[in-house]
Each structure stands twice: as C-alpha cells, then as structure tokens.
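Protein chains in written order, with this note's numbering: chain A, 167 to 400; chain B, 29 to 652.
Beneath this line is the structure, given in structure tokens, with notes to follow.
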Amino acid sequence: MTVVMRAQYAKGIEIRYISHLDLQRIFGRALRRAKLPVAYSQGFNPHPKLSFGSALSVGTTSESEFIDIDMAEPIAADEFVERMNQVLPIGLKIVEASAYPTGEEGVKLNTLMSVIDTAEYEIRFYDAGQLTDMGVVIDKINQAESWFVVRSNKKKERELDIKPFVYSIEIKEADHNQLLVVALVQAGSQANVRPTEIVEVLQVYGYMPVKSYDIHRKKLGIMDKGRIIKPFTT
Amino acid sequence: MESICQHDILTQVEKPARYAGNEWNIVIKDHEKMDVTFALAFPDVYEVGMSFLGYKILYHIINRNEKFYAERAFAPWVDMEQKMRNNDQLLQSSETKTLLKDFDFVSFTLQYEMSYTNIVNMLDLSGIPIYAKDRTDDDPIVLAGGPCAFNPEPVADFIDVFLVGEGEEAILDIANKYKQFKDACKNDRDYREKLLLELAQIPGVYVPRFYDITYGDDGRITSIKPNHPNVPEKVTKRVLKDLDAADYPEDLIVPFLNVVHDRVMLEIQRGCTRGCRFCQAGMVYRPVRERKKENLTKIARMLVDRTGYDEISLTSLASNDYTQIEELIHELLDEFKDDRIGISLPSLRADRFSVELSEKLQQMRKSGLTFAPEAGSQRLRDVINKGVNEEHLIDAVTSAFNAGYKQVKLYFMLGLPTETDEDIVGIAELAEKVVDAYKAVHKGKTKGLRVTVSTSLFVPKPHTPFQWVGQVSKHELHRRRVVLQNAIKSKAITYNWHDPEVSFLEGAISRGDRRLSQVIYQAWQNGCKFDSWTEQFRNREWLMAYQQVSIDPEWYAFRDFSFDEILPWEHISSGVSKKFLALEYQRALAGKTIEDCRVSNCTGCGVCQALGVDVVVWKGAEQL
C-alpha cells in the first residue's frame, strides 16, 4: 500500500523569490535530509514523486500552498510535519498535513491540480496616502462591463475578460499609509486569475495611480458555498 | 524587514534568488558581537561563486570561530547593477544585508584573470575606494587570494593584502592578528599602515604597498624590493602539511538556484604531480596530499545527510590518480547503495581504466565522453609532458564505443611551444583515428557518431615551465586554425574553437606586472565587466583601454621573456624552484618527459624541501 502525504505549507518573505522549479528541488533535498521514506520515480534519474497544487509566482508570499508527496511507507502526518520543519530552510514551513492511503484498498485521491479552483489574495499597496478615495476606484471598476487584461504566451498576446472569474475585490484596511485590497478569484486548471491582473484592473478601469505593492496568497482551495475550504477532504 | 523598494527591484530583475540569501546551512551572527568580520566577495555571479569549493570551505572555517563572521557577496548581474545604481544602493552581504564597506575585511577570490574588472566594479558598487592608496582607517581591508594570487601584480593597486597559497590556516592567522592589533592599537596614528605591516609578517601574506618595482628603459623590470625592513624579500605560499587532518566543512550551503556545480564536492586530494608543463594548478598546488579513504567515506556520509544532495563528485585536479580510487568508489557505492546517490568523476583520463571506472558509476548515459590530449602529435605531447598516448586514447574510446557511447569530445591547445603544422595535422589525424575506432566497433559505419574537436589558444601561466613563452600572434593562430580545419576530412568530426580575443587578453594579464592595474581600471571605465561571459565581453573597449594608458598588450602576451629577466612574480614563491622550471623548459624543448613523483622518484621540483612538506599517499591505512 502506498501513502500520499498531502501538506499545506507557507512560503514566507525569506524565500519569496524562489521559483517554482527551484522549490521542487528544495523539497526533494529537504525530504532527503529528513530521511523520510519517499517513493521515487523509476528510470535513470530517480526523483521523489511530488505534485503541487498551484504554482506561485516569484515574489509572492503565501500561507496556503499545497503539495502531495508519494511515500514508500506509511508515516504519521504529525511526524512528517515535525521532521520536515526541522530541515526546511527559513521561510518555508509545513502548516498541516494529512496522510491518505491510496492504491487498491485505499481512497481515491484527486490530484491537487484537479480540485483546487479558488484563491484569495491580499495585495498591499505602499505609500498609498495620497490615493484618491478607494471607494470610487471600486465603484468605477464595478461599473465596467468587462475587465480586459493582456495575456501573453510564447507566440502571441491576447486580450481576455477576467471579470467573470473574479468573485470579489474589497478594501480591507487602510492605515500606516498602506492599503490592503483583498481579491477572491478563480485559480486552477479551469480558470485562473493572476493577482497582478487585479492590479491592472484597478489601474486601468478604476484609474488608481501606480503604487508599489506586494502580494500574499492568503487562501488556496476549493470553493464551497461561498467560502474556500482546504483540499483535505476526499 | 525588506523594504518595498527592494521588493520592487527584485521583482524586476532576472533570477532574484541570486540576491535573496536564506539558503539552507547559512550562518547568521550578530555583527555587534563579532571580533572580526569578512565579506567573502566572489567577482562573478552567484551561480558561479557558489560552485567553488574553496570559497565554501573558507566560509565555514571562519564561521566555526564564535567571534569571527564570514558572509558572502557576489557580483550583481548587469540588470541588478543598473537598478542599484539608479537607486543609489550599495553592495550588501547575502546573509545579513550588511554593507560591504562596513566589514573589517572584504576578500576577493581570484579564480581567473578575466574577472578582474568585476573586482573594480564591486569595490565601486560598495562605496570603497578602488585604489588601495586612497583607503583610510574607516575602510575595510581588501584581501585577495586564490590561484591568480600567484601573480598578484596586475591587481596590486586595488588590493591591500594578498594571501598566497592555501587559505584554511592562513585566514585564521590573519583574523587573529587583526583582532590583537585592533585591541592594542585602535587609536594609533597611521593605524591602517601599521596594521598592514603587522599582517605582512604572517607567512604567505603579501602587501604590495611595501614593495617597490623599478623598470628599465626597455620596459622590463629592473628590481622588486621591499621598502620596509620588516617585510620578507620573497613571499612563500601557504600549504597544509596534512590535508587529512584539516577539517572538512560538513554543513555546506545548499543553494536554491541551480548553480554550475550543484552537488556534494568531495575533495579527495590536493595537488597533482603529473607535471603537465602548461598547467599552473599542477605546479602551484604541490605536493600531492591524499585524504584517507576511510575518512572520505565518513565525510561523504555526513555531507549527504546534512545537505540532502543526491550526487557526490570526487573532485581534485586529477581524481583518477588517487591511489585507491577503485577501492574508494566501491566503498562509496556500498555506503550509499540504498540512498539513490550518484557518484561522479569530473575529469576522465584517456585510458581504458578510466572509461571502465566511469561505466561502473553509470555516468555514461548522461553525456558523451570528454578527453583532453591537449596536443595532436606524440612529439608535442612529450614536449608538454601530457602523459597521454595514442594507443591508450584509442583503447579508451574503443572501450567507450563498445559500451554504447556515441559522442566524444577532444580538447586541444593551439600555439603550444614548438608547435609545427605537422602537430596541428596530428590533431585531425587523431580525431580520424577515433572515427576509425568507432567504425571498427560498428562494422565500418559512422552512423550516430559525433566527434567534437575543440581548440583554445595556449595561455602561458606564471610559475610553470612555460612562463617565459609568448603566445602566437592572432594572424598566425588564424593560419593554424585553417590548417586544422582543412586537415579534417570525416563528416563525423565537428571543429570548434574558443574565442582567441579573450585568450589573448588573458595572456597579457596573466604575465602582467603592476602597471596593468591602470589598464584594468581604464577597461572598467570603458564599461568592461563580466569579461568571461561571451555576451558581455567587450574586446574593443579593452584594446582602447590599453591605448588610453599607452601600454602595449602584445609586449606582454607575445613576447618571449628571457631567462635572466626579473619576472613580475619573482617575489612570490610557490615552493617550486625557478631552476626546476627552467630545466623543465629545456627538457620540453628536447622532447624529454618527466615522471610523476606520486608513483616514481622525486623529480627535484623543490617544493617539499622548501616548505617542509611531503607527498602524502595512502595504501590501506598505511602511508606510502
């Protein structure tokens, strides 16, 4: 019987510039240091079988990322969390984990990629004291029928209306000369809104002046009756 | 907390992880509580710096002392530099983001000459005066070490203190002396001058300001003399007597980025006495000192456990020469058989033994095989004392072809002393014989085979038997390349060459004297940096710099230095005697080879006698 360890982890300010690809290597090495019984792929260059929920862009912090790790032997989730947190670099921390026995007698576990569909972002604007009233900005964007943003892939640029994929954009607090915008959006294989596109919408449709900002992913998971739940249920 | 301004910058540059720090195994200390602090500056990008073992070793050796602190700093890539300059930011350390100018020492690793403009640039970005003479008591001591410190002169105007030779013990001597002196004489007048004088007493330490160089009308050096009674006439390199007794740092930093050498580097020995006459490392890192096999297995286990790496590279100048290499590999394979750890040998000797060893390590599917015969004919290989013969090479490739390899890379140098067109045609002939060997294995067919011949321009290096020899001119080099190109017949052979412009500038600096500091400064002013990066290399600006300061690079690069001439590095000793080097050059001209003192008799290079050290070779637990 094989076991999949599903874990929620946080990516802090200390390692926010690490790319998704580098993160995979970091997990592989941490698992080795922890001497956990990880399942390896077959082939000439065996590597641990890891799959992630959703790639986080470089520079963004998060307190809610998810990873599935195939274990070669059963191991208690608590022990996994404890041992991993001893060997993870500063800024990376396992928050919670759950072990799922899979295979013939086990449960059917859908991949993170296939279940995760929603994210909540906090976009913090700095030096925002002289900003025009944010209520006006929000009104303006809400009046717009559609929010076209530019998406580019390797070959071409195209315009896409992201308004249908955004649940809400709110102002949460406004002190210390800062402004916090909270956006609840679709995120996953069906539809995906990037937090930088929310900034684009505020600027283009709400006429918000350009300010420095950083982005934090507060929640990632499954939309269930208007709120996000973690992908820990099967 | 990182400022939003810094965040803005880092989200706009390529690979921001280069500047972010926080890797596994880094050391964080409180500067306030430290006696001595070092910024270990590497004059190239992060991914290159983090691939040098010596750099990592120094970091851990300094940090092992509670009151000493070493942090890292790298050359920011051009995009980052632009942002820093636009925002008036100074260069900071990787660990605690402390400004480099606030350290006690800023030390540069001198790995290759073409990184010198980056040193100037990093000093400038740090807000530290570029010329040593302009620094005051408030500025850090700028230290430099590494292989290029064996000819420190071209950067002597920028560096306060050089450390010649192996740094493990000497760096601590420097730190201790610094602390003592600072405690005792902090308020003295001429503090900096006195401190430098104090440091100059440490064996292996060279402080250029205490040496005067005079030049004759013909431009040659007429004297190199200390200008202070308390400094030695000659600075002799530092060397570890017993490498096996030296600590091996086990908590090596594990980078987040994919660096050039991203694996456990297990230094199995130091030094190489094969005696290739062009090779500086082979001369200056003598004598050969092996680590004990048993200790290596223990160290390897510890390193793997502490880093989480899945590959161990057995590093040294010529790892196949380690006396018990087969036994060591067996032990390591056994130790790690359940851990999915790959073991690799970085360089391959051109013989069947090496190919078989490599097969045992299952390196074969990763890439083709690479050999470096360096010269095309047996005559010229004897001249350079490269112990490769055709039979062994053909044996090696045959064995490789039988094992399924289809790609072979062959490295050669053009412009070696005494080279004739026959030797050059010999390169093509040797490559054709490799093709024939493939045909012999594959029923006369060449399908799938790729033989790559690469040539680079010979660069004479200080402290080698070829230190007196000039490079061939660009025109002549071009002619020789055409000779080789025309001699290659088989379609299975591809011919590549290394950019000769860089090798020419490298040649000029490598045998350069103190006057070249102005050229390097001027080249930097002209915009040169990252000169070893093809896309950044600015040949025109370099040549212009030479013109601007009225120095002829050809005089340094192409000229044969005479035997009675005072060499720019005359006051620096690697322990190998000049007499031996001259004798070796004579033997080279006569085509006479010399044996390896690891396995044969002493060849009289003088290093053991001069430095009170010995060749250390292990057979079982016994020292041979």
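A virtual CB, placed ideally from N, CA and C, is assigned to each residue, including glycine.
In this text, all values refer to a predicted model and were calculated from it rather than measured experimentally.
| Query | Result |
| --- | --- |
| What number of angstroms, rounded off, separates the C-alpha of K557(B) from the C-alpha of K321(A)? | 34 Å |
| Closer than 9 Å, CB to CB, is E363(B) near chain A or not? | no |
| For E623(B) and chain A, any beta-carbon pair shorter than 9 Å? | no |
| I'd like the span of the beta strand (DSSP E) that includes V106(B), first residue to last. | Segment 106-114 is the alpha helix (DSSP H) holding V106(B); no beta strand (DSSP E) there. |
| In the DSSP output, which residue or residues are listed as bridge partners for S217(A)? | D234(A) |
| Which residues in chain B sit within 9 Å of A196(A), going by Cβ to Cβ distance? | W52, G336 |
| If we call anything under 9 Å between Cβ atoms a contact, is D541(B) one with I241(B)? | yes |
| Starting from the Cα of D293(A), find the closest Cα among V462(B), C33(B), V73(B), L227(B) and give me that residue. | C33(B) |
| Within the region 251-313 of chain A, note down every full alpha helix (DSSP H) run reaching 4 residues or more, in order along the chain. | 278-281, 300-309 |
| Give me the Cα-Cα distance between A184(B) and I158(B), rounded to the nearest whole angstrom. | 11 Å |
| Going by DSSP, what residues sit across from L191(B) in a beta bridge? | G173(B), V233(B) |
| Going by DSSP, which residues form a beta bridge with K647(B)? | E650(B) |
| Which ranges would you report for the beta strand (DSSP E) in the region 69-110 of chain B if only whole runs of at least 3 residues count? | 96-102 |
| For the region 206-214 of chain A against the region 187-198 of chain A, are there 3 or more C-beta pairs whose distance is under 8 Å? | yes |
| From K320(B) to D338(B), what does the alpha carbon distance come to, in whole angstroms? | 23 Å |
| Would you mind stating whether Y219(B) and V192(B) have Cβ atoms separated by less than 9 Å? | no |
| Show which residues of chain A have a CB atom less than 7 Å away from the CB atom of I32(B). | Y292, S378, D380 |
| Starting from M171(A), trace the alpha helix (DSSP H) both ways and give me its first and last residue. | Premise fails: M171(A) lies in the beta strand (DSSP E), 168-177, not in any alpha helix (DSSP H). |
| Alpha carbons only, please: which of P240(A), P375(A), T399(A) is nearest the one belonging to G269(A)? | P240(A) |
| Taking only three categories from DSSP, how would you classify K321(B)? | helix |
| Tell me the DSSP secondary structure of L611(B) in three-state form. | helix |
| I want to see whether chain B comes within less than 9 Å of I307(A), judged by CB atoms only; does it? | no |
| Classify E363(A) as helix, strand or coil using the three-state DSSP reduction. | helix |
| Provide the residue span of the beta strand (DSSP E) that contains D36(B), from first to last. | No beta strand (DSSP E) contains D36(B), which is instead part of the alpha helix (DSSP H) from 32-38. |
| Excluding the 5 residues flanking I26(B) on each side, which residues of the same chain have their C-beta closer than 6 Å to its C-beta? | This structure does not reach residue 26(B), given that chain B is present from 29 up to 652, and the question cannot be answered. |
| In the structure shown, what three-state DSSP assignment does E229(A) receive? | strand |
| By DSSP, does Y439(B) sit in helix, in strand, or in coil? | strand |
| Does the ligand ATP have even one heavy atom less than 8 Å from the beta-carbon of A285(A)? | Looking for the ligand ATP in the displayed structure turns up nothing, as the structure carries no ligands at all. |
| Given a cut-off of 9 Å on the beta-carbon distance, is the pair T284(A) and V351(A) in contact? | yes |
| Would V228(B) and I600(B) be called neighbours here (beta carbons separated by less than 9 Å)? | Before going further, note that residue 228(B) is Ala rather than Val in the sequence given. No, the Cβ-Cβ distance between A228(B) and I600(B) is not below 9 Å. |
| Kindly list, in the order they appear in chain B, the residues whose Cβ is closer than 7 Å to that of V224(A). | P44 |
| Look at the Cβ atom of F608(B), then the Cβ atom of C636(B), and state whether they are nearer than 9 Å. | no |
| Please state if the CB of E359(B) and the CB of T703(B) are separated by a distance shorter than 9 Å. | With chain B covering only 29 through 652, there is no way to say anything about residue 703(B). |
| At a CB-CB cut-off below 8 Å, which residues of chain B make contact with I184(A)? | A45, A48, F284 |
| R14(B) touches chain A at which residues, Cβ-Cβ below 8 Å? | What is shown of chain B runs 29 to 652, which leaves residue 14(B) out entirely. |
| Can you round the beta-carbon distance between G219(A) and I282(A) to whole angstroms, since I take them to be within the 8 Å contact cut? | 5 Å |
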